[in-house]
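Chains as they are written, first to last, in the numbering used here: chain A, 1 to 334; chain B, 1 to 289.
Virtual Cβ for every residue (Gly too), placed ideally from N, Cα, C.
These numbers were taken from a predicted model, which means no experiment stands behind them.
Working notes, structure below.
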């Protein structure tokens, strides 16, 4: 019995030694078990203190499309048939010409993020940078989409901005402005052409805007914010906010149609004494007051109801609709 | 939360993204209608923005976020749930990596088998080993009964309830109490009184459109909006809803009140535009990717 046990022990020892030899040959130094780190280190896109500048010969009536993830964008018109782009501390980029004119100059170009950029967004062709400067011919049309960018545009022909977050500042645009911002302010100055300004949360300031052709409209709308308009030359204007005050300083042009509306906020107009307009004011909770002499045409201001006042200032050559649910309507003499 | 102001801790928890969907919805609905809470939230958000701006990228790199904590916790849970077999396999591979350790293991195996055979003989048990008394103080792994002193003791150490080094504690602000400001919230549409209105076909068309857009917006706004945007959105929605309710009452009271009806339709349109802005923003964000 004891010899039998000894045999079994020897066999077990031999098997163990053989297994050890095999494993040792297969992996000389496997080391102890170390669990893999659960969190991979984040990719590093910087640091970078770079300035990348490129230029492209373009047509005088260039259309330039830009997509910006993040950055401060400055776009300026200049008197050269050349588009120059400078990006500081941001993505490398390349021009992509979509259309050329008969002279072979780029008529429609877009910026595209280059894969070699130090801070290239891993999931987008859009560029980014601390400062993005773009110079284009005066006659250019600029189309910008932005995610988190402040945009300044000066002296171009047409501007269209769609920005998720960030302010937009526009001036000296000759043939039209369209700006849609979801969180940020919009300011437009000294421009002409149809204007459509819309922000979800932010203020709108428009100064000295006028149509380029008869029939063009001005539209300003915000959900939360103040709208301040002065020196408007449009005959058709629509200005509205849900929560905020509407302020208008300027003329009511003959034959014009103006609409000012706010759900919760006041409407304040400063008009010249020579104003000639039909005023239709409706308000729920608040008051109506005018410094200009107004002939009451219809009036229903009984307590508790939605109040309405229709009156005529001067000859009544234009129509001004004023509407607020909670707020005052005030017309001041300028 | 109706009629009560939110605790600043709760607002901070919301800004930090620590509230659940239901709590977030309740808070934003309240803040949208409450001036005091709205200003408190704006102030808190500005403070947070100032702190984040000051710390910049360092904060992003050094301070673990909620998502990071989730990854850490899930990693720990994963390692806990590793099977005993995996651990044994790891041990075996470690042991057999060195020939000397393998030889030692073989000797142990031989000794164990020998011992088994010897202990199988009843008369040999008493000769070979006398019971060794052990105490809990001397060896906490030992059984309290002396006759089983040599039984294999489980090496599976019972883990404490939670050994995670940085267990994220939900802020107590979630459970914070509220103080009454005495300012009642504005009424919202959808209440029976608002629904009871005798709607015209135009009303019904508007309301159907609004209902469809509301369902879409409700699914999208949580992912699209930042805290302040969402509060602003809810605030705007509350204002428009309040205006609609009031105008519906005015029209119901005087069906010939055309200015009120026009204002009502204008407010319907405003609400449609507001709800549509959610989808429009989603489209813009999608186009940037």
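Mapping DSSP to helix, strand and coil, what is residue i?
| i | result |
| --- | --- |
| residue 207 of chain B | helix |
| residue 59 of chain A | strand |
| residue 9 of chain B | helix |
| residue 175 of chain A | coil |
| residue 137 of chain A | strand |
| residue 238 of chain A | strand |
| residue 85 of chain A | strand |
| residue 301 of chain A | coil |
| residue 49 of chain A | coil |
| residue 324 of chain A | strand |
| residue 38 of chain B | helix |
| residue 197 of chain A | strand |
| residue 80 of chain A | coil |
| residue 24 of chain B | helix |
| residue 269 of chain B | helix |
| residue 268 of chain A | strand |
| residue 162 of chain A | strand |
| residue 155 of chain A | strand |
| residue 230 of chain B | helix |
| residue 262 of chain A | strand |
Of the choices the options, whose alpha-carbon is the least far from that of residue i?
| i | options | result |
| --- | --- | --- |
| residue 276 of chain A | A:265, A:309, A:292 and A:268 | A:292 |
| residue 27 of chain B | B:275, B:230, B:219 and B:264 | B:230 |
| residue 290 of chain A | A:304, A:300 and A:272 | A:272 |
| residue 331 of chain A | A:74, A:176, A:278 and A:306 | A:278 |
| residue 165 of chain A | B:281, B:14, B:13 and B:20 | B:281 |
| residue 238 of chain B | B:271, B:203, B:209 and B:256 | B:271 |
| residue 226 of chain B | A:221, A:226, A:227 and A:201 | A:201 |
| residue 193 of chain A | A:96, A:246, A:236 and A:323 | A:236 |
| residue 295 of chain A | A:211, A:312, A:95 and A:327 | A:312 |
| residue 261 of chain B | B:246, B:215, B:284 and B:285 | B:246 |
| residue 50 of chain A | A:57, A:81, A:65 and A:86 | A:86 |
| residue 59 of chain A | A:108, A:270, A:231 and A:224 | A:108 |
| residue 168 of chain A | A:176, A:175, A:157 and A:153 | A:153 |
| residue 74 of chain A | A:186, A:98, A:135 and A:90 | A:135 |
| residue 206 of chain A | A:288, A:281 and A:248 | A:248 |
| residue 201 of chain B | B:37, B:220, B:217 and B:265 | B:265 |
| residue 98 of chain A | A:172, A:90, A:111 and A:88 | A:111 |
| residue 199 of chain A | A:260, A:184, A:284 and A:209 | A:184 |
| residue 196 of chain A | A:190, A:218, A:310 and A:55 | A:218 |
| residue 133 of chain A | A:308, A:246, A:139 and A:77 | A:77 |
| residue 222 of chain B | B:43, B:15, B:7 and B:4 | B:15 |
| residue 286 of chain B | B:220, B:4 and B:47 | B:220 |
| residue 317 of chain A | A:251, A:308 and A:284 | A:251 |
| residue 274 of chain B | A:246, A:281, A:52 and A:221 | A:221 |
Assign residue i to buried or exposed, taking buried as 16 or more other Cβ atoms, counted over all protein chains shown, within 10 Å of its Cβ.
| i | result |
| --- | --- |
| residue 214 of chain A | exposed |
| residue 153 of chain B | Note that residue 153 of chain B has pLDDT 32, beneath the 50 cutoff, so the model's placement of it is unreliable and the number below is only indicative. Exposed, since its Cβ has fewer than 16 Cβ neighbours within 10 Å. |
| residue 10 of chain B | buried |
| residue 255 of chain B | exposed |
| residue 335 of chain A | With chain A covering 1 to 334 only, the question about residue 335 of chain A has no answer from this structure. |
| residue 242 of chain B | buried |
| residue 321 of chain A | buried |
| residue 325 of chain A | buried |
| residue 208 of chain B | exposed |
| residue 79 of chain A | exposed |
| residue 363 of chain A | Not covered by the structure: residue 363 of chain A. The range shown for chain A is 1 to 334. |
| residue 215 of chain B | exposed |
| residue 258 of chain B | exposed |
| residue 333 of chain A | exposed |
| residue 204 of chain B | exposed |
| residue 289 of chain B | exposed |
| residue 184 of chain B | The pLDDT assigned to residue 184 of chain B is 44, lower than 50, so where the model puts this residue is not dependable, and the model offers no usable value. |
| residue 224 of chain B | buried |
| residue 274 of chain A | exposed |
| residue 195 of chain B | Bear in mind that the predicted position of residue 195 of chain B carries a pLDDT of just 43, short of 50, making it unreliable; the figure below should be weighed with that in mind. Answer is exposed; the Cβ neighbour count stays below 16. |
| residue 212 of chain B | exposed |
Return yes when at least one heavy atom of the ligand COA lies under 6 angstroms from the C-beta of residue i, else no.
| i | result |
| --- | --- |
| residue 131 of chain A | With respect to the ligand COA, the structure offers nothing, as it holds no ligand at all. |
Touch test, the stretch 249-262 of chain B against the stretch 127-138 of chain A, Cβ-Cβ under 8 angstroms, three pairs minimum
no
Segment contact, 8 angstroms Cβ cut-off, at least three pairs: the stretch 27-34 of chain B with the stretch 224-238 of chain B:
yes
Is the number of C-beta pairs between the stretch 294-307 of chain A and the stretch 239-255 of chain A that are closer than 8 angstroms three or more?
no
How do the stretch 131-149 of chain A and the stretch 65-72 of chain A stand: do at least 3 beta-carbon pairs fall below 8 angstroms, yes or no?
yes
For the stretch 201-235 of chain A, which segments carrying the beta strand (DSSP E) assignment without a break, of at least 3 residues, lie completely within its bounds, in sequence order?
Within the stretch 201-235 of chain A, the complete beta strand (DSSP E) runs of at least 3 residues are 204-210, 217-224 and 227-230.
Would you call the stretch 92-107 of chain A in contact with the stretch 157-177 of chain A, where contact means no fewer than 3 C-beta pairs closer than 8 angstroms?
no
Decide if the stretch 301-312 of chain A is in contact with the stretch 238-247 of chain A; the criterion is three or more beta carbon pairs, one per stretch, under 8 angstroms apart.
no
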